[in-house]
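Engineer: Encoded as structure tokens, here's the structure I'll be asking about.
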Amino acid sequence: GQQDAGADSPKVVGFSQCDSQQAWRWAETESVQGEAAVRGYELKYNDAQAVQANQIAAVRSFIAQGVDGIILAPQVMTGFGPVLQEAKDAGIPVVLVDRLVAEDEDMYYTFIGSDFVWEGERMAEIVVEETGGKARIAELQGTPGADPTIDRKKGFENIINDYPDMNIVLSQTGDFNRTKGKEVMEAFLKAEGENIDVVYCHNDDMAIGAIQAIKEYGKDPGKDILVYSIDGIKDAFQAMVDGDLNAVVECTPLLGPQAYDALEAAWAGEVLPKWVMSEDGIFLQKDAASIIDSRKY
Amino acid sequence: MKLLEKLGISRRSMPLIATFVVFIALYVYGGISYRNFFSARVFFNLLTDNAVLGITAVGMTFVIISGGIDLSVGAVISTTAMAVAVMTQAGVPNGLVIPIALLYGTVLGFLMGFIIEYFKAPPFIVTLAGMFFSRGFGYVLSLSSVPIVYEFYAKASAFGLKIGNGRFTIPGIALIVVIIAAIFLSRSTKFGRNIYAIGGSEQSAVFMGLPVFRVKVLVYTLSGFCASLAGFIYTFYTLSGYGLAGIGLEMDAIASAVIGGTLMTGGYGTIFGTLIGTLIQGLIKTIISFNGQFSVYWIRLFTGGMLLLFILLQKAFVAGTAGMKKAEG
Amino acid sequence: MSEKLLEAKGVSKTFPGVRALSNVDFALGRGEIHGLMGENGAGKSTLIKAITGVFPRDEGDIFLDGEVIHPHSPMDAEALGISTVYQEVNLLPNLSVAENLIIGRQPMKRGCIDWKTINNDAIKILQKFDINIDVTELLGSYSIAIQQMVAIARALELDSKLLILDEPTSSLNLDEVQKLFIQMRRLKEEGQSIIFVTHFLDQVFEITDKITVLRNGEYVGEYNTADLTKLDLISKLMGKALDELKEFEHIAENKVDEDAEALLCTDGSGKAGYLNPFNIYINKGDVVGLAGLLGSGRSEIANMLFGIVKPDKGSMSIRNKKIKISSPAQALKNHIALCPEDRKNEGIIAGLSVKENIVLALQVKQGWLKNINTRKQNELARKYIDMLDIKTPSVDQAIENLSGGNQQKVIVARWLATNPELLIVDEPTRGIDVGAKTEIQKLIVQLAQDGMGVLFISSEIEEVVRCSNRVYVLQERSVVGELAGSDIDEHKIMHTIAGKGE
Amino acid sequence: MLKGKQIPKIIWPLLALAAILLFNLLFTDHFFRITIRDGHLFGSLIDILRRCAPTMIMAIAMTYVIATGGIDISVGSVLAISGSIASLVVWGGSTNYLAGDDEAIYAAVGLIILIPLLASLALGAFNGLMVSVVGLQPFIATLILMTAGRGIAQLLTGGKVLNFSHAGFEFVGRGYFLGIPFPFILAMLVLLLGLAITKLTPMGLYIQAVGGNRSASQYSGINTKFVILFVYIFSGFAAGLAGLVMTADITGADAGFMGLYMELDAILAVVIGGTPMEGGKYNLKGTVVGVLIIQTLTTTILTRGVPPEYTTIVKAIVVLAVLIIQSRKVRELIEHRTMIRAAKEAESV
Ligand SMILES: Nc1ncnc2c1ncn2[C@@H]1O[C@H](COP(=O)(O)OP(=O)(O)OP(=O)(O)O)[C@@H](O)[C@H]1O
Ligand SMILES: Nc1ncnc2c1ncn2[C@@H]1O[C@H](COP(=O)(O)OP(=O)(O)OP(=O)(O)O)[C@@H](O)[C@H]1O
Ligand SMILES: [Mg+2]
Ligand SMILES: [Mg+2]
């Protein structure tokens, strides 16, 4: 008797978030949660705590619960094939957010998000422009093996490889967090302090750590050493306002509304393109002050 | 108590029974609280989703019973899966891929066991080094995640015996097979008994003329094998290799064993207990996703709280029955 | 085939700070029971461990059947046909009694261990020693005496050429010893050779054919048992002239002073399932002995008086004041000390030095704020090392590196150091050599004469008789009789024990 | 009798540290250069002292826990909680500073430090009670707090990195005292505190006794429950202090990441330093050296720009090498030779 939820009861949507270690992810979660409330859906939310196996299990359990649609923010590009197949067999549409999976397109309904490679490329273009194509760069990578790390590195290199005077002189992982970012930057400065023109960070948290390290080293971040990062959390805007950070490429986490639009389309039987680009921006230091108050996360 | 005695249940298996009872209670709680919880599908999902953990925990249980610890297992799982993926990409025939994959953890386990025994080095550190090494090796194989291309894996992944609305999948079957084999190993083979002996008192085991060196090296080898097997099973689960897979899984595996009644100081523990310990963790996760309203912090608080509640219940149950025994005596 | 079964020539072994064996010879004939004797720390256990490959020897050769052997572990030794019971009970508390007896050579049936046969065999094996216990229970739940019997039974069951027993009788009663001897004689008749280590002179004279004596890690000599008198042997062991030894014959006077101040008195103390209610009293100056068979409840009384186990009925008073003692710390505050029975589990603290082991209980008694500083620790340790003749390279030696008897002395020292008013000693002379044993007995009698009350528990009735001025006899966890003054003799005690209560 | 002549254990980890330093002396430019900048010491070596402080603080306390035969894997989470509370206190308990209201409260340094430390003590006491009174296995008892603790930290901060700037409090993580990084001085103070408690009171003796043989300790009258409770409380306190250092350093509490996997580093340091996991003995100096080994290695890897995919392999190899040179086997080989020689000499005299 529990099976049929009744036609007029609200649609149930399962949202599987891969983890919540960064402000960015929280913003994404809040966006999906908030929008569910606005549109009157019942949201089943699960956080996999950075463990892919947890995430697969969560999606399985959404299927077992008989949800009407699934929003999936995948931990990693690969590995979701079997469970997506299960969802497909059960007739549940899956909308991917913020990260694409390396599966056949018919395994999911659509993907909403930006492209990590694209982000790295845009970032590199800004750096090239602001340094005149000549810079020694220190790179703070994300967690080794993580997709954003690999793609943001790749995208960045795609562009700067065309400029012989743009060189990555140091590159280490800062694990996407502030503490490690600061520690790594400190070591970089000890090793090559006078030879670093630019720091490229795979996310904002590491950039904030790096900025602190540069200040403590006695240089002026944003001037002596230019700092660039990806994501666009509010703290990064504050750093730009303070003149410490030179530019961010946004990767918007506010994907909730678009995700529900997609699900509604799926329920209505419409066909959407397999990739709906999210609305990302590129923000330079000079514009930061005027924008900061509108940042939500 | 009389009843238990009639059923042939000795006082010594009380903790195990307590564990089982609490597991059932938790399961019933889930069933009462959530729609669609009592279904074959959820039950078999529980097996499928926890197969990797369960298989790893079996090896871990043996290691802990012998008085050691193996922190490398999570990394071995990931690297095994990565090795499979990379080999399929490179076109290595599947007949070679499988043995190589299974050998990886086995050989690493053997090496760690050998270092631990030969140099009398603390297992915690040797296997931590094993974990660092294995993670690094996985990254060297490929930094980015790699899909597995062979049809075999996709088929194995899709395979499942239909039971009700559930599917008894290969990971689930593998888990059950490994558990049965391990129960046999622990109870009915000399190797298994020697593991307990060494955990009870390594010095005594030496003095009693038991093959301590060999058994201890083999225990780590076995754990490595279990981890590799789990890694191989993981490929059916995700059809890919991923350098960050299985992070922190060693802690879960230890927790499975310990919840199931294995003593970290060695000498005591059962495989069945470990299975229940694994399923309890899985059950907690299932309840969390059925609930669907927990933020990550509530997930963590809930998990910790459930663990606490569970262990206290187990403790109280055992203490209660022990008290009854005394009163009778 | 050589005429000797086992020969050791010029064996030496050095530990950090200790020359445990230097150039020791040893020869064992076929079908011979050979006593290996020496004071505590003389090197007996070390010689045995060198033979069985527990550790490598520095120098020397060992021949078995005329061939040089190099076992690297007890496992190798067993494969060569040497079966050994080491000094400390070395079994597995986490496995059942049956499994302890048989592990390593379990019978298999259809590829599985055959548990039924194991349990049945175990029952049979133990029956040879008149032990009827549940063999499926964990070994750790049994007393140290039972564990020792199990260890012996295990070694006897191995099909070996050579059986080595390192102080197997230290926790056994006379009865058990006789049961062991019956088995040893049987094996001897079957042609097996046995090395037997003990400090009990009576036992050596009863069972051995030959005796080899070690002193300070050196070989003293090999003798035919029949050619020696007790005093000869003692003088060889201690390296002293015979006339110095006269005083060992002396026995403490068993005087009872009825007017002495009351120290401790129980009134129906007991605990269901553990110990039946009992009434005993101990006055200042008393040495009160407890006699009884294994498992009769002697240690239980000790544990209850010391607060390890709380009674659930009756009451207890100290110096005529009712008092409840619910923890060892509290007992210590009331000036009670207990030197426990199970040295390995309840006594020595491995990892701590000799000095720290000695001062531990005193430190607890003094409380948190009065830390005993290093100088004081050294002083105390030296005092007891001298008093009890503890053989150790330094006060900082880790206790686990001492010989068994010397460990025991350290534990005795720990409790003497607390300077108690009531001293409970549970098998205090276990594993202690003849000379030192007499010293400790004298010390205890002396302490009592100086006003201490002593509760003296020992499986050696002779020792109880020698020291006590009153004796309680226990049986099946009840006090069943009391003897005082000149009534105390071995015969009467045995009679009371056998007499099923009076 | 011969005099006990044993090579002190501390030599082995020191050798390992020396080897890593020697490598840097030969192959890493400027590694040993120490200059004075802004009135304080400056250089890679100083970085090592500063960066190792949180781990060292925790590892010192962990040494005592391990000496009792226990383990505390909750320290990373306790650290995160402490840091989160500290940054909350800075803002007067509000997580809404992002909303931009200007009425943010900056609390006094004393409060910012005191409240998190009290909380950490309570968390340590929870662990201690679970182990000593309830009788749970240390691993599982602290696993509970490890899991739930990070949840608490994230709950407190609402998942954000709580930023602040607070000149007074920042000193705890960034300041220099007499030119030396203040966090390192804190670590030394914790070391002193530990030494004071374990040397001036019988606590050190009791800790070893409980780890060596709990039942014999009980027979000796030691209040074993209290001893166990104490070490976990101390561990909680240390983790809390480490949390303050890290929070003050990055002027923000990163509840999701702070202290993640640091329990492993702390335990690693303790064991590399020569304290056995089984308990009963401890080697505090060894722990300090162990932490320095780990941090020097990390700093070396970062300074030399080892590619991230190889860093863990390098770490594995170094850890193993350290382990093997100080393993019982190798030690025995060396000691045995010297010992026999000494014995022979003594005899021939
Ligand atoms: N592992 C060890 N490390 C250091 N010294 C040791 C070790 N084992 C034994 N010794 C020392 O070697 C000497 C001989 O010890 P051994 O155990 O052989 O004496 P024993 O004759 O068996 O004495 P007991 O009658 O007390 O058992 C003692 O001084 C002891 O302290
Ligand atoms: N010969 C035996 N046969 C069967 N059970 C025994 C025997 N000897 C001891 N036990 C059992 O071992 C357990 C513990 O005995 P234990 O020797 O500790 O008692 P005890 O009072 O300390 O003995 P003791 O009188 O030697 O001090 C008891 O349960 C007792 O029943
Ligand atoms: Mg001996
Ligand atoms: Mg007794």
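Residue numbers (the numbering used here), protein chains in the order written: chain P, 1 to 297; chain F, 298 to 626; chain G, 627 to 1128; chain A, 1129 to 1477.
Glycine included, every Cβ here is placed at the ideal spot set by N, Cα and C.
1) Quick one: Cα of N54(P) to Cα of Y1347(A), how far?
2) How should K459(F) be labelled, buried or exposed, when 16 other C-beta atoms within 10 angstroms of its C-beta is the threshold for buried?
3) Can you look up N850(G) in the DSSP assignment and give me helix, strand or coil?
4) Once the 5 residues before and after V1399(A) are set aside, which same chain residues still bring their CB inside 7 angstroms of it?
5) What in chain C is Cβ-close to F1385(A), meaning under 9 angstroms?
6) What's the C-alpha gap between T855(G) and G655(G)?
7) In whole angstroms, give me the CA-to-CA distance for T600(F) and R1056(G).
8) Using a Cβ-Cβ distance cut-off of 8 angstroms, determine whether I530(F) contacts chain A.
9) Secondary structure at P52(P), three-state DSSP: helix, strand or coil?
10) Among E119(P), T252(P) and F62(P), which has the Cα closest to the Cα of N333(F)?
11) Scan the segment 1172-1190 of chain A for residues whose Cβ lies nearer than 7 angstroms to a Cβ of chain P and list them as they occur along the chain.
12) Taking only beta-carbon positions, decide if F416(F) is within less than 8 angstroms of chain A.
13) Have a look at R1008(G), E629(G) and G1077(G) and flag the residue whose alpha-carbon is nearest the alpha-carbon of N1043(G).
14) What three-state label does DSSP hand Y109(P) in the structure shown?
15) Under the DSSP definition of a beta bridge, which residues are partnered with E704(G)?
16) List the residues of chain A that V990(G) touches, going by C-beta distances under 7 angstroms, in chain order.
17) Contact between the segment 759-774 of chain G and the segment 920-928 of chain G: three or more CB pairs below 8 angstroms?
18) Which residue spans inside the segment 77-125 of chain P form an unbroken beta strand (DSSP E) run of at least 3?
19) Smallest Cα separation from T78(P): which of D147(P), E139(P) and E28(P)?
20) Tell me which residue opens and which closes the alpha helix (DSSP H) that K897(G) is part of.
21) Does G1371(A) have its Cβ less than 8 angstroms from a Cβ in chain F?
22) Between I1378(A) and the rest of its own chain, which residues show a CB-CB distance below 8 angstroms, the 5 nearest in sequence each way excluded?
23) In angstroms with no decimal places, state the Cα-to-Cα distance between T1375(A) and M930(G).
24) Alpha carbon to alpha carbon, how far is A987(G) from N1351(A)?
25) Counting only beta-carbon atoms, is M505(F) nearer than 8 angstroms to chain G?
26) On the three-state DSSP scale, how would you describe A1236(A)?
27) Just how far apart, CA to CA, sit L226(P) and S171(P)?
28) Kindly indicate which residue of E783(G), E629(G), T834(G) and K1035(G) has the alpha-carbon position closest to the one of F807(G).
29) Does DSSP put F932(G) in a helix, a strand or coil?
30) At the 8 angstroms Cβ level, is K1409(A) part of the contact set with chain G, yes or no?
31) For R1165(A) and chain P, any beta-carbon pair shorter than 8 angstroms?
32) For a contact defined as C-beta to C-beta under 7 angstroms, what are the partners of S1345(A) on chain G?
33) Tell me which residues of the segment 80-92 of chain P have at least one Cβ-Cβ distance to chain A shorter than 8 angstroms, keeping chain order.
34) With 8 angstroms as the limit, tell me which residues of the segment 954-981 of chain G have their beta carbon closer than that to any beta carbon of chain A; keep them in chain order.
35) Identify the contact partners of A627(F) in chain G, using a Cβ-Cβ distance below 7 angstroms as the criterion.
36) So is A917(G) in contact with chain A if we call contact Cβ pairs under 8 angstroms?
Structural biologist: Looking at the coordinates:
1) Translated into the one-based positions of the first sequence, residue 54(P) becomes position 54. Translated into the one-based positions of the fourth sequence, residue 1347(A) becomes position 219. N54(P) and Y1347(A): Cα-Cα distance of roughly 48 angstroms.
2) Within the second sequence, residue 459(F) is the residue found at index 162, counting from 1. Counting Cβ neighbours within 10 Å, K459(F) comes out exposed, since fewer than 16 surround it.
3) Taking the third sequence and counting its residues from 1, the one referred to as residue 850(G) is at position 224. Residue state, collapsed to three classes: strand.
4) Residue 1399(A) sits at position 271 when you count from the first residue of the fourth sequence. Around V1399(A): M1405.
5) No chain C appears in this structure, whose protein chains are P, F, G and A.
6) Residue mapping note: residue 855(G) aligns to position 229 of the third sequence, counting from 1. Residue mapping note: residue 655(G) aligns to position 29 of the third sequence, counting from 1. Roughly 22 angstroms between the two C-alpha positions.
7) Position 303 of the second sequence, counting from 1, holds the residue named residue 600(F). Position 430 of the third sequence, counting from 1, holds the residue named residue 1056(G). Rounded to whole angstroms, T600(F) to R1056(G) spans 52 angstroms at the Cα level.
8) Here the question's residue 530(F) lines up with position 233 in the second sequence. Output row for I530(F): interface = no.
9) Residue numbering aside, residue 52(P) sits at position 52 when the first sequence is read from its first letter. It is Gln, not Pro, that sits at residue 52(P) in the sequence shown. Of the three classes helix, strand and coil, the one that applies to Q52(P) here is helix, per DSSP.
10) For the purposes of this step, residue 333(F) is identified with residue 36 of the second sequence, where counting begins at 1. When only C-alpha atoms are compared, the closest one is F62(P).
11) S1172, D1175 and R1179
12) In the second sequence, residue 416(F) corresponds to position 119, counting from 1. Closer than 8 angstroms to some Cβ of chain A, the Cβ of F416(F) qualifies, so yes.
13) The sequence position of residue 1043(G) within the third sequence is 417, counting from 1. Looking at the sequence provided, one finds Ala at residue 1043(G) rather than Asn. Of the candidates R1008(G), E629(G) and G1077(G), the one whose C-alpha sits nearest the C-alpha of A1043(G) is R1008(G).
14) Locating residue 109(P) in the first sequence gives position 109, where the first residue counts as 1. Y109(P): coil per DSSP, three-state reduction.
15) Sequence index remark: in the third sequence, residue 704(G) carries index 78 (1-based). BP columns for E704(G) are empty, so no partner.
16) By one-based count along the third sequence, residue 990(G) stands at place 364. The answer, in chain order, is S1348, G1349 and I1350.
17) yes
18) 94-97 and 110-113
19) Taking the first residue of the first sequence as position 1, residue 78(P) is located at position 78. Minimum Cα distance to T78(P) is reached at D147(P).
20) In the third sequence, the residue the question calls residue 897(G) occupies position 271. Not the alpha helix (DSSP H): K897(G) falls in the beta strand (DSSP E), residues A888 to K897.
21) Walking along the fourth sequence from the start, residue 1371(A) turns up at place 243. Not an interface residue.
22) Against the fourth sequence, residue 1378(A) aligns to sequence position 250. The answer, listed in chain order, is G1301.
23) Reading the fourth sequence from its first residue, position 247 is the one you call residue 1375(A). Reading the third sequence from its first residue, position 304 is the one you call residue 930(G). Taking the straight line joining both Cα atoms gives about 53 angstroms.
24) The residue given as residue 987(G) occupies position 361 in the third sequence. The residue given as residue 1351(A) occupies position 223 in the fourth sequence. Approximately 11 angstroms, taken between the alpha carbons.
25) For this step, residue 505(F) is matched to residue 208 along the second sequence. It does: the Cβ of M505(F) has a partner Cβ on chain G nearer than 8 angstroms.
26) Here residue 1236(A) refers to the residue found at position 108 when the fourth sequence is read from its first residue. Three-state DSSP puts A1236(A) in coil, outside helix and strand.
27) Position 226 of the first sequence, counted from the first residue, corresponds to residue 226(P). Position 171 of the first sequence, counted from the first residue, corresponds to residue 171(P). Approximately 16 angstroms between the Cα atoms of the pair.
28) The residue given as residue 807(G) occupies position 181 in the third sequence. If we check each option's Cα against that of F807(G), T834(G) comes out closest.
29) Locating residue 932(G) in the third sequence gives position 306, counting from the first residue. Correct three-state label for F932(G): coil.
30) Here residue 1409(A) refers to the residue found at position 281 when the fourth sequence is read from its first residue. Taking Cβ atoms only, chain G reaches closer than 8 angstroms to K1409(A), which makes this a yes.
31) In the fourth sequence, the residue the question calls residue 1165(A) occupies position 37. Output row for R1165(A): interface = yes.
32) On the fourth sequence, position 217 is the one that residue 1345(A) refers to. Within chain G, the residues near S1345(A) are I975.
33) none
34) P954, A955, A957, L958, L964, P966, N971, E972, G973, I974, I975, A976, G977 and L978
35) Any question about residue 627(F) goes unanswered here, given that chain F covers just 298 to 626.
36) Within the third sequence, the letter at position 291 stands for residue 917(G). No, its Cβ sits nowhere closer than 8 angstroms to a Cβ of chain A.
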